[in-house]
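Chains as they are written, first to last, in my numbering: chain A, 1 to 325; chain B, 1001 to 1331; chain C, 2001 to 2305; chain D, 3001 to 3525.
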Amino acid sequence: MTALLEVRGLKTHFLTRAGVVKAVDGVDMILQPGEVRGLVGESGSGKSVASFSILGLIDPPGRVVEGELLYKGEDLRTATPERLKQLRGKEIAMIFQDPMMTLTPVLRIETQMVETVRAHERVSAKAARERSVDMLRRVGISAPETRIRAYPHQFSGGMRQRVAIAIALLHNPALILADEPTTALDVTIQGQIIAEMQKLVAETGAAMIWVSHDLAVVETIADTISVMYGGRIVESGPAGRVIGAPAHPYTEGLLNSIPSRTTPGQRLNQIPGMAPSVLNLPPGCAFAPRCRYAHAACGTPPPVLDVGEGRMARCVSPLMMEAAE
Amino acid sequence: MTAHVTLENVEKVFQKKPDFAERLAIRLGAAPPPAVRAVDDVTLEIAQGEAVGLVGESGCGKSTLGRIVAGIYGKTGGTFAFEGKEEAHWSAEDARRARLDIQMIFQDPMSSLNPRKRVLDIIGEAPVVHGLIPRREQPARVEALMREVGLDPAYARRFPHQFSGGQRQRIGIARALAVEPKFLVCDESVAALDVSIQAQVLNLFMDLREKRGLTYLFISHDLGVIEHLTDRVAIMYLGRLVEVGTTAEIFRDANHPYTQALLEEAPRIGRGRRAYTPLKGEIPSPLNPPPGCHFHTRCPHAMTICKTERPRLKAVAPGRLSACHLNDTTD
Amino acid sequence: MSVAEPRETTPVVTAKPASRWRPVWDEFRESTTAVIALCVCGVLLALALLGPWIAPQDPYDLTAISFFDSRLPPLSSTPDAFYLLGTDNQGRDMLSAMLYGLKTSLFVGVASGVLAIAIGVSLGLVAAYAGGAVDAVIMRVVDFMLGFPTILVALMMLAILGQGIDKVILALVLVQWAYFARAVRATALSERNKEYIEAARSLGLSHGRIVFRHLAPNCMPPVIVIGTMQIASAISAEATLSFLGLGLPITEPSLGLLIANGFNVMLAGLYWISVFPGLLLLTLIFAINIVGDRLREVLNPRNAR
Amino acid sequence: MIRFRPLFLAAATAVVALPAVAQNLMIGRANEPQSIDPQFSRTGNNQMTSLHMFDRLVLTDADVRARPGLAVEWTNEDETHWVVRLREGVTFHDGSPFTAADVVYSLERAPNVPNSPASFAGSVANLEASEIIDDHTIRFTTVNPDPLFIENIGTVYIVSQAATEGMENEDFNSGEAAIGTGPYRFVSWAPGDRLELTRNDDYWGDAPAYENVTMRFIANDAARVAALLSDAVDLIDIVPPADLPNLRDNPDITVYDTPTVRLIYLALNQGDDAPGLTDVAGNPLDTNPLQDARVRRAISMMIDRQAIIDRLLYGAGEAASQIVPSGVFGFNPDIAVPPYDPDGARALLAEAGYPDGFGITVYGSNDRFSQDGELTQVLGQFLARGGLTVNGVETLPYAVFSQEAGNNAYGAFVFSYGNSTGEASRGLLSAIHSFDPDNDLGTLNRFRYSNPDFDAAVVAAAQMFDPVEREAALAAAQTLAFEEDTAIVPLYFQALSWASRSSIVYEPRRDERTLAMGARPAAAN
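Quick look at the structure:
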């Protein structure tokens, strides 16, 4: 099985007045067809920038400065803008936190969906409409035949996100990039959307990168998880293993910070300090200043270690190896 | 424990500004002026030293209720009592005291701080204005407060935008503490923070409760936070309380179908990958809530009576209230 | 629950600038044109302020000017005086008249702008904060004022009030405050709903304190932009009023009045009476507008970080 | 007994004999009429329009001298009875004959035109009764003895009773009621743009040279000059003084000037409350120094009239010493223009008890006549140089200024008076006579000059039927008001200029009227 997406040494920097912001600074990721990857991190960790970089959606002053981006073996960095556009609409779909990034407020849903279909495929308007109605039904919108005539503002936030998802899936994409798609939604609605997405991904066999700050959400949907910190992936591996027995101290700290992991009423196991500025990362391991296991060796850039079970950790002394000693 | 704050049949109706077509309809008598009953007949007691959680989804009125308690909004019906004294009987001094004793911690750590004021002024303004301390003691007081919430007092002359989200939230907490409150209303106060920072702030809340004997009304959609922090919890749906009880009991055995659904669907770490059986349907518009039990449109157990008759919030066990017709049949 | 996760497409820059205005200036000076315009404004301001000391003649003193030296072209000299930019119909030294006129124009522009800001901002803030009937009444008045062309209202005012610099300022304040009220109200409406205002109320601060100490400073960026533009428009409005003969006393000419005085004789070849003050006025308004435009770009909330 | 005999009918026929080489004439006018109804308003802009289409009993020539119009002869039987013989064989534009009934009708209609801003009521105020003797003879009875009775009713435009009865303003403006006996017929009027006329070939008098006349209304001075220079119009009126030197140098353009009867003067308020007058330090004065004739004389001597005419008006003016210019009935050649003499002025001031002068503010309009704002300022300069403390110079739009001036609000102010009757008594009665509105005297006396001797002299003069006697009496009254009292400070008579393409010859008129009848093609060389 060849990889669907290969990201190697991706660096995306922003050239600001204050200096060079290394938002993404050496990310490697291999995604297999049909794989659902959770990309987790706190604000400023670079998770969204990394996903936008794959699609070439970085605006100045940001720029992908280094790295390889291979989609089905095709180099996306050297692809023409036309080719990228073609890929974006058809094979690689994007779902944003704010569905209005996808939807135009002044056009009917029908118009937008039919246009999207016909932008990449030569089909009749009628066929395009039928496919759109069908897709709306599949994302859980009842009475799609009539509701397709509505404008975006006539829908609730949850419904709008469903429409945005439906548009993203119109061409049966091979890869879906979902950037915090449920963060703005209520718990019960989030549950619905996650359920629909699980179903759809399973049906279509699409691979997906699900970017989120919420480990609990990612855990419910992802096969594999990558954890980002300071512009780099510090740990990745099968979801159950990463959550169950984290290899990187940051992952461990993150999990321990979640209230439900601790006995109610007791102090939480907080990570001390705050996330470093990507403008001015400490040399060596970016997490070292907050790490309770940190020692002298952490002052040099940590290696990426294979810790078994298909897991990698960017740490000089991953927790599992420590335990093994 | 004496009741610290008592809400009885509290109601808050917002008149929505009608658009042109609606104005026309109102003029012609075809439609009533649009109104949102954000808080609908809520009765709740919070005892001294207690931490009560208020849980619900967007538009359920939990933030409005919190603002009524904090004195930011007036209510349109019902009674409010603080330390046993009803609002209607407050003297000017009582009102001032109640207002200062109940402080609010907000959600957005950026917009809740005045961007054009220095931290020193943000924290130190109210105690000086209210004469709690003389102006010359302001710097010392601010320094003490900053230390208490875990901020470096050396940054007192900086502006809010020069701080991270977690630090800003600490500034907001210090501002509230500056008037020596007894009661904090925390409205989604950690929701905008990253997990690692959220843990720090939650720890601060717990420390302050212990040190200062504070009472909390903790408003959140995050059940993990509520379970961790509160003694009792009240669940709201479309302006009404649907269930009230101790946190431990509710998380163990929710009575109301909505509470059950919430607990079921909240993503919780460590459950692993799982298939959802989500609650059906959308949250109805608060402008036009369904009759009877507001929840009946989405309730898997809905019965005929649920569509017409509003279920009363009544005791289903000692200290446990629920508003569901399912409990009627068990009588 | 609508909890917005901080977006990451623009990374959070946590550098610590010393003052809030520092980055504004840093961005402002990226436009060379704007910096030049600002310098021009500065030079003109200095010339206006120093006018009485550097002008060769006091053009307001009827005994100092001589009718017998009227309409001399630039670079003329008489036994008594040298007229670099010529003289006007009355025999006033154009250079002196322009320096004094510049001072008058700037004074009228700035004074009416400042007063209009004070009134407009106060009313706009009160309208936004109080809402309801107060808002409705104030905004109806604002709509009413904005419904009339500025110059028309000012003309009517001056026809009633009579001439004089104070009356011109009063008339300009009357027609300008509404712009500020509306702009401030719009900003204040969004600011009012921010949590820091709720926090101030929760802290039991008085309404006056909330409005003027908390709300007001946060509504100032649009005011600064509009204020700059309005100063330019006040200067040109004053010039227009003077041109129409309703502005300032004819013996104390502002730039607009100088232009008007020379306008009739322009075709007859006496270009300097109109053209020099016209160029000066144009430069002044142009420079202020460029500065205002740049400020708008820099202070635009959408560009704020 | 005065008899008028039309002597120049013969001369008129000689003019008609000239070949009409040009068909069309395009006139650029500075102002336009408010109505086509000739009885709507007495203001100049209306009259110069009406004169094309309508006649009067008495017309005036270019020098404002009366000549017979529709009346060919008039005789006063006694002090209050006049017999007028009307011109025979005259027809209206619609072909109907002109008769005595039309005259009686017109004189009755004149004071009763609704909404008139400047009614002809004054012209017929002295008319007691009209009696039609035959189709072309009328006997009038006057209220008071009035030597100028015919001149007065002679200013009323004669309309056709048949075409006008029951008609309103709009009917005139549309042309339906615009039926006169004048040299031109109405074609169309587009307010704000143009008025089109065509020659009345049945006209009783001199046939005008041009067959089609278009008057374009171009209020903006520069635009009007530009229209002439660009050949868009053939003739313009009210040439701005500043443009005179250039136009005179232009070989394609001919400029015509005439001093008008419009007097520009500085009024000095002689009321008791001395508005706006202060001492040198700026404190209000109790007594009004302007009540002293020596002070007024001193102020008159501070002003260099010729310098104003040369520098401000480019020579387009004539220094004034009295209410009418030379050549007008009642002009007194013995009254000299006050000399420019600042030293003499100071001496006079000292003599009057003001060796250091006093404070004064000079007011003026800024949109009424050419260079009025500038003039006000210059006067300020001269007064300051002459030893007074000028507290200020204020110029305002005429509408505001004239109202305030009428309210006695100003101490010194610039005004103008246009004497349209062609003799001095009207101006002396309305502008210089003591303020007495109840008797319709001194109504324009905004400065409250009052000398009972002068009042008596001028009232008496106005009722003298013998012209020689009357002219002498008027001259004596002028000496009293201007030589001795300096009632006002007369400055200059405005000169008025027209400019035309050189292919046209125009006859300028002292009454400021712009008439197509005054234009004819230049003789081909």
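For every residue, glycine included, the Cβ atom is placed at its ideal position computed from N, Cα and C.
N3076 of chain D is bridged by DSSP to D:W3082. Chain-ordered, the chain B residues with CB closer than 7 Å to the CB of E42 of chain A read D1194, V1195 and S1196. Here the stretch 2110-2130 of chain C makes contact with the stretch 2188-2201 of chain C; the two share three or more CB pairs at distances below 8 Å. For M3215 of chain D, the CB contacts under 7 Å within the same chain, skipping 5 residues up- and downstream, are I3027, R3029, R3194 and L3195 in chain order.
DSSP places N2261 of chain C inside the alpha helix (DSSP H), whose first and last residues are L2255 to F2263. Residue environment analysis places V2137 of chain C among the exposed positions, since fewer than 16 neighbouring C-beta atoms fall within 10 angstroms of its C-beta. Shown here for G1245 of chain B: same chain residues with a beta carbon closer than 6 Å to its own, the five before and five after excluded, namely R1320 in chain order. As the crow flies, the alpha-carbon of R1158 of chain B is around 13 Å from that of V1142 of chain B. Taking every protein chain shown into account, the CB of T1247 of chain B has 16 or more other CB atoms within 10 angstroms, so this residue is buried. Contact annotation: V1069 of chain B and I1102 of chain B have beta-carbon atoms nearer than 8 Å.
Residues of the same chain with a CB within less than 8 Å of the CB of A3352 of chain D, apart from the 5 flanking positions on each side, are P3289, D3292, R3294, V3295 and A3298 in chain order. Contacts between I2250 of chain C and chain D, judged by CB atoms closer than 9 Å, involve G3364, N3366, G3373, E3374, T3376, Q3377, G3380, V3393, E3394 and T3395 in chain order. In the DSSP assignment, N3046 of chain D falls outside any beta strand (DSSP E) and lies within the alpha helix (DSSP H) extending over G3044 to M3053.
D3134 of chain D: member of the beta strand (DSSP E) spanning L3127 to D3134, first to last residue. Taking the Cβ atoms as the reference, S2112 of chain C lies roughly 5 Å from V2173 of chain C, within the contact range of under 8 Å.
In this structure, I221 of chain A and Q190 of chain A do not form a Cβ contact; the two beta carbons are roughly 11 Å apart against a cut-off of 8 Å. With respect to K1012 of chain B, T1079 of chain B sits apart: the two C-beta atoms are not nearer than 8 Å. Under the DSSP assignment, A3319 of chain D falls outside any alpha helix (DSSP H), being part of the beta strand (DSSP E) whose first and last residues are G3317 to A3319.
Linking S3503 of chain D to L2075 of chain C through their CA atoms gives a straight-line distance of about 41 Å. Neighbours of G1166 of chain B in chain A, taken as residues at a C-beta separation under 7 Å, are given in chain order as M274. For A294 of chain A, same chain residues with a beta-carbon under 7 Å away, outside a window of 5 residues either side, are A288 in chain order. In the same chain as G2120 of chain C, and ignoring 5 residues on each side of it, the C-beta atoms closer than 6 Å to its own belong to W2177, F2180 and A2181, in chain order. Shown here, Q3478 of chain D sits in a helix according to DSSP, grouped into three states. Neighbours of L2246 of chain C across chain D, judged by C-beta separation under 8 Å: L3396 and P3397. Classified as exposed, E68 of chain A has fewer than 16 neighbouring CB atoms from the shown chains inside 10 Å of its CB.
Judged by their CB atoms, L2215 of chain C and I2197 of chain C are nearer to each other than the 8 Å cut-off. Each residue's CA atom was taken as its position, placing Y1237 of chain B and A1038 of chain B some 10 Å apart. Note that the C-beta distance between T2283 of chain C and V2040 of chain C is below 8 Å. Distance between V3362 of chain D and S3402 of chain D, taken at the CA atoms: about 14 Å. In the DSSP assignment, V2137 of chain C falls within the unbroken alpha helix (DSSP H) covering G2132 to G2147. Between Y3417 of chain D and the set D:T3043, D:A3409, D:E3128 and D:D3455, the nearest pair of CA atoms involves D:T3043. For the stretch 1090-1139 of chain B, the continuous alpha helix (DSSP H) assignments of 4+ residues that do not extend past its boundaries occur at 1092-1101 and 1119-1129, in sequence order. Within the stretch 205-287 of chain A, the complete beta strand (DSSP E) runs of at least 3 residues fall at 207-212, 224-229 and 232-238. With fewer than 16 other beta carbons inside 10 angstroms of its own, P3251 of chain D counts as exposed. A check of alpha carbon separations from I1269 of chain B across A:S260, A:Q266 and A:M274 identifies A:S260 as the nearest. By the 16-neighbour rule on beta-carbons within 10 angstroms, F52 of chain A is buried.
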